[in-house]
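Under the working numbering, residues 371 to 1068 are what the sequence shown spells out, in order. Backbone N, C-alpha and C fix where the C-beta goes; we use that ideal spot for every residue, glycine too. Remember, it's a predicted structure, so these values are computed and weren't measured experimentally. Below is one structure; the comments refer to it alone.
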Amino acid sequence: MIDLSTRDIKYLSGVGPQRAEILNKELNIFSVQDLISYYPYKYVDRSKIYQVSELSDTMPYIQLKGVIKAFREVGEGRKKRLVANFTDGTGFIELVWFGGVKYVASSLKLNKEYLVFGKPTLFNGQMNIAHTDLDDASDAILSSLGLKPYYNTTEKMKKRSLTSQGIEKLMKAAVELLTDPIPETLPTYLINRYRLMPLQEALINIHFPSDPQTLRDAQYRLKFEELFYIQLNILSLSSERKHKYRGIPFPKIDTYFHQFFYNNLPFELTNAQKRVLKEIRKDVGSGIQMNRLLQGDVGSGKTLVALMGMLMAVDNQYQACMMAPTEILATQHYATVVDFLKGIDVRVELLTGSTRKRERERILSGLLSGEVNIIIGTHALIEDTVVFKSLGLAIIDEQHRFGVEQRGRMWAKSLNPPHILVMTATPIPRTLAMTLYGDLDVSVIDELPPGRKPIRTIHQFDSKKKELYQKVRSEIAIGRQIYFVFPLIEESEKIDLKNLEEGYEQISAEFPDCNIVKVHGKMKPADKDMQMSIFAEGKAQIMVATTVIEVGVNVPNASVMVIENAERFGLSQLHQLRGRVGRGADQSYCILVTGYKLSEITRKRIQIMVDSNDGFEIAEADLKLRGPGDLDGTQQSGVAFDLKIANLAKDGQLLQYVRGIAEDILEKDPKQNLSENMVLWKNLDKINKRGENWRVIS
């Protein structure tokens, strides 16, 4: 048995120290095992030969067999290219190389038979193939060429000749090592029961498949394993947590909850809010520690549900806290909660970075004595100086803004870990939630409170600014407030800030009688909060901003959200931004402004926004159109995996299938000591050997 994980990549034939360094830095490849786990992103059939006479520029990658009759260098300096005239007897085509001209020219032989591979294009009436792959036709056996793998590479790699073809050559050297047996990573009974290709065979065929069916079998085996271990990891840690940590029991619903419910509740709860409250009540009364994710669109009433959960803690002589990602959001939650609790003898305090020293000391003293029942704040809540008498429930709002370690410090505030309720207004598709938050129980508020009107979304081209400004004027005339949002993408921050400044000047010129505030991420937090407060208090009619307002102020009077360059935003982000309006009972509008030239995918994105107000429907569509990216910030969430082959947008059914298998294994082997599963638990240990395991937190 060979262990490829201990074989340094630099000792593989064709690598060496310099290439190894590039592979380390660019792809995180350190061992032969890492390289073999770097899978192709596509395959092209190399088993068929086309004729030059049948080529068209609409064809995908094709293969030709013929000879080069002549070649010449064209252009000067950086624009120099090598052009070869190639024929198979049915017609001529030009082969073009833009880089390494001297090297390619020195290797070409006239009238020698080559296999040519590439994508045909039409330029100036002449068919050509650029950056052609050439192979000696006498060496190549067509049936053995099968499907050619293609690998993603970076610019730095290409400079070291680590193109897709370069990676393919290294992969051939790595796969040759697989003549010796390698250890299986799944038990024999699972491989047999689910008819999986053996690992060794799958690793060879994922890179060099002989035919499409073999490739499908190899992909299925590797996807199955990847998703299965993610779910086994999440579920085993969830099971461990439930056995290891006893929850603080809240046996009664008493005075404070009832006082609020019967006297202060501002409107009747929606059925979705009632359902979620029942789920929370069941958790906190069970003696098992609650770890629940509460999803709901902006304005769906999550804060009200959170408050009623906190009152359950107070009724049982425990304290509760709510942590928000920004000072302005924490202040807003505090104002909302204080308003809700008017006339009820519950002490609520606010603690943020700008709380003054004397005030801070008073609050900290009240927390230690137990006189403070509910505290709302920012990261300031997890500082060592913040000590609770008896913390029973911690609520974390917009949890993706907090690191896992920060949530861990919240756990440490109580001898018995408090119940945790994590809230997010970012709708998470089911498959993504099962991977990111698979160890949390999930609650969803999927109804808007009564009296709320759905936001009308309109797509407008930027050539019709006159009509747009007229709409804005009519809303301002009836006392409404307006957001203008500009994109801010890190790679082009300077250009984007310039666009924001230009946009601000244009809007200021267009609306000279309005007070206009400006907010972007490069501002000092105090300046940003001040500008947001001016808008929230109604002292400004227009806010010009970047996406910093995505999680931000609640301004019921804001009725129009204009999103400039809407084509540069993802669907979920557009939906989050749209949720900043529609907070009051009046009809609100979201206007998506784009240019005329839009790709097909962008048109689909914009149309989905126009057609739907359902955050979950939009999130599912976003996942399908864009793919899962890095799982919404893999490191942030604590997931110990980068997906190498599975795709959550396409493999949702397989994910649910393997989760069921993992649940069944844990049910039969809760102590993880059955001999038939030893290979599973050993592999899980390897996966989790990355230092302290924060995953049990949430």
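Taking C-beta atoms under 8 Å as the contact rule, L517 and D587 fail to qualify, at a distance of about 13 Å.
Rounded to whole angstroms, the Cβ separation of P557 and N1047 is 6 Å, and the two are in contact under 8 Å. Taking a cut-off of 8 Å on C-beta distances, the region 705 to 718 touches the region 621 to 639, as three or more cross pairs fall below it.
Rounded to whole angstroms, M682 and S760 show a C-alpha spacing of 14 Å.
The residues K593, L597, in chain order, have a CB closer than 7 Å to that of D1021 in the same chain once the five nearest residues on each side in sequence are set aside. Restricting attention to E987, P551, L995, N983, the CA atom closest to the CA of G669 is found in N983. Fewer than three Cβ pairs drawn from the region 411 to 430 and the region 374 to 389 lie within less than 8 Å of each other, which leaves the two stretches out of contact. If you draw a straight line from the Cα of Q570 to the Cα of I419, it comes to about 31 Å. In the pairwise beta carbon analysis, the region 421 to 429 is classified as not touching the region 438 to 453: fewer than three pairs are separated by under 8 Å.
Here N494 is not bridged, per DSSP, to any residue. The region 571 to 578 makes no contact with the region 436 to 445; the number of CB pairs closer than 8 Å stays below 3.
Its Cα nearest to that of L818, the residue G952 stands out among S608, Y966, G952. Distance from M660 to I790 at the Cβ level is roughly 6 Å; contact confirmed, criterion being Cβ atoms closer than 8 Å. Taking all protein chains shown into account, Q643 has 16 or more neighbouring C-beta atoms within 10 Å of its C-beta and is therefore buried. The criterion of a C-beta distance shorter than 8 Å is satisfied by T502 and V486. Across the structure, P410 and L585 are spaced so that their CA atoms are roughly 11 Å apart. The region 904 to 920 and the region 840 to 857 touch, with no fewer than 3 CB-CB distances between them shorter than 8 Å. Taking C-beta separations shorter than 7 Å and ignoring five residues to either side along the sequence, the partners of T673 in its chain run H703, T706, following chain order. Secondary-structure assignment with DSSP links L434 through a beta bridge to V486. Within the same chain, Cβ atoms closer than 6 Å to the Cβ of T964 are found at A936, E937, the five residues on either side in sequence being excluded. A Cβ-Cβ separation of about 6 Å places N927 in contact with R850 under the 8 Å criterion. In the displayed model, A507 falls within coil according to three-state DSSP, outside both helix and strand. Secondary structure of Y520 (DSSP, three-state): strand.
Per DSSP, the continuous alpha helix (DSSP H) segment holding N1053 begins and ends at 1048 to 1057.
For Y874, the CB contacts under 8 Å within the same chain, skipping 5 residues up- and downstream, are I886, K888, V914 in chain order. Its chain contains L734, L737, L738, K783 as the residues whose beta carbon lies nearer than 8 Å to that of V757, once the 5 sequence neighbours on both sides are disregarded; these appear in chain order. 8 Å or more divides the Cβ of V932 from the Cβ of I978.
Bridge pairing for I852: I912, V930 [DSSP].
A straight-line Cα-Cα distance of about 7 Å links L635 and F710. Distance from the Cα of A500 is smallest, within the candidate group L452, S531, A544, for L452. A contact between stretches requires three or more CB pairs, one per stretch, nearer than 8 Å, and the region 894 to 912 fails this requirement with the region 816 to 831. Nearest in C-alpha terms to S606, of all of K1059, E1033, S1045, L1044, is E1033. Annotation note: the region 624 to 712 contains the following uninterrupted alpha helix (DSSP H) runs of length 4 or greater, listed N- to C-terminal: 625 to 629, 641 to 654, 672 to 685, 697 to 710. Under DSSP, E719 forms a beta bridge with I745. For Q687, the closest alpha carbon among the candidates L647, L763, I561, L810 is that of L763. Ranked by Cα distance from E1037, the options L478, L547, S608 are led by S608.
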